[in-house]
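Position 9 of the sequence shown, counting from 1, maps to 9 under UniProt numbering, and the rest follow consecutively.
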Amino acid sequence: CSQMAGGIFAFYGRQSASSFTIAQGFSKEFHMPFITTTFAGAVSSPFRPFTLSIAPSIVHAIIDLIVYYRWTRLDYIYNNDE
Numbered sequence: 001c002s003q004m005a006g007g008i009f010a011f012y013g014r015q016s017a018s019s020f021t022i023a024q025g026f027s028k029e030f031h032m033p034f035i036t037t038t039f040a041g042a043v044s045s046p047f048r049p050f051t052l053s054i055a056p057s058i059v060h061a062i063i064d065l066i067v068y069y070r071w072t073r074l075d076y077i078y079n080n081d082e
């Protein structure tokens with residue numbers, strides 16, 4: 001709150017699933033942009049109008065690999081604790 005009183009315009013950071021709700025709440029309540037480095041799909045939503053993800057998309061890189069190696073099948077497995 002002291003930062004906002006001093007004229008802060010936006011805040012940024014990387015967050016976990018548990019802290020994202022808090023950061024998004026502050027952002028929405030005070031109409032202050034929250035800039036994060038998480039993947040865009042994790043935060044892109046009309047319900048989070050003040051949240052901006054600056055993480056690069058990996059989709060084009062994956063497509064390039066598939067095309068370059070002429071893969072006809074791809075299995076995508078991931079684990080996310082959040």
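The C-beta atom is built at its ideal place from N, Cα and C for all residues, glycine as well. Since this is a predicted model, take the numbers as computed values, not measurements.
- Task: Over the uninterrupted alpha helix (DSSP H) stretch that includes Ile66, give me the two end residues.
- Result: Numbered from 1 along the sequence shown, position 66 holds the residue referred to as residue 66. That run of the alpha helix (DSSP H) goes Val59 to Tyr69.
- With distances taken between CB atoms, is the gap from Gly13 to Thr36 smaller than 8 angstroms? For this step, residue 13 is matched to residue 13 along the sequence shown. For this step, residue 36 is matched to residue 36 along the sequence shown. Yes; because the gap between Cβ atoms is below 8 angstroms, this pair is in contact.
- Task: Measure the C-alpha to C-alpha separation of Ile58 and Thr51 and round it to an integer number of angstroms.
- Result: Locating residue 58 in the sequence shown gives position 58, counting from the first residue. Locating residue 51 in the sequence shown gives position 51, counting from the first residue. Rounded to the nearest angstrom, the two C-alpha atoms are 20 angstroms apart.
- Beta-ladder partner(s) of Gly13, from DSSP: Taking the sequence shown and counting its residues from 1, one reaches residue 13 at position 13. Its beta-bridge partners are Thr36.
- Message: In this structure, how does DSSP classify Thr51 when only helix, strand and coil are distinguished?
- Response: The residue given as residue 51 occupies position 51 in the sequence shown. Three-state DSSP puts Thr51 in a strand.
- Less than 8 angstroms separating the beta-carbons of Phe9 and Phe34? If you number the sequence shown from 1, residue 9 lands on position 9. If you number the sequence shown from 1, residue 34 lands on position 34. Contact flag unset, no.
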